[in-house]
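Data first, discussion second: the structure below is written as structure tokens.
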Ligand SMILES: [Zn+2]
């Protein structure tokens, strides 16, 4: 990670994005991480929360579509 330009008294969010197969995603424990997560530092709290909410909706939608596709693939066998 690059050198962080942190200012005293400021509030930061560190976003850690793990790969889809990383055990941390199922255990929720950062110690189980076996991937090289993407780290992003956010200072604009509102923007971070907004983008996270959007990402969550997109992830859920993508997951539902993947499950549907899997069901279709299983039914076709
Ligand atoms: Zn990981």
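In the numbering used here, the protein residues as written are 1111 to 1187. Quick reminder that beta carbons are idealized off the backbone N, C-alpha and C, glycines included. Owing to the predicted nature of the structure, the values given are computational and were not obtained by experimental measurement.
Going by CA-CA distance only, name the one from the options that's closest to residue i.
{"i": "residue 1116", "options": "1182, 1129, 1174 and 1151", "result": "1151"}
{"i": "residue 1142", "options": "1166, 1134 and 1183", "result": "1134"}
When you compare only the Cα positions, how much space is there between residue i and residue j?
{"i": "residue 1162", "j": "residue 1187", "result": "37 Å"}
{"i": "residue 1136", "j": "residue 1121", "result": "28 Å"}
{"i": "residue 1129", "j": "residue 1168", "result": "16 Å"}
{"i": "residue 1155", "j": "residue 1124", "result": "11 Å"}
{"i": "residue 1153", "j": "residue 1126", "result": "14 Å"}
{"i": "residue 1172", "j": "residue 1118", "result": "39 Å"}
{"i": "residue 1145", "j": "residue 1132", "result": "6 Å"}
{"i": "residue 1175", "j": "residue 1164", "result": "17 Å"}
In or out: residue i buried (at least 16 other Cβ within 10 Å) or exposed?
{"i": "residue 1111", "result": "Note that residue 1111 scores 47 on pLDDT, short of 50, meaning its location in the model is unreliable; the coordinates nonetheless yield the value given after this. Its Cβ having fewer than 16 others within 10 Å, residue 1111 is exposed."}
State the beta-bridge partners of residue i as determined by DSSP.
{"i": "residue 1123", "result": "1152"}
Unbroken stretches of the beta strand (DSSP E), 3 residues or longer, contained in the region 1137-1185: Runs found: 1148-1152.
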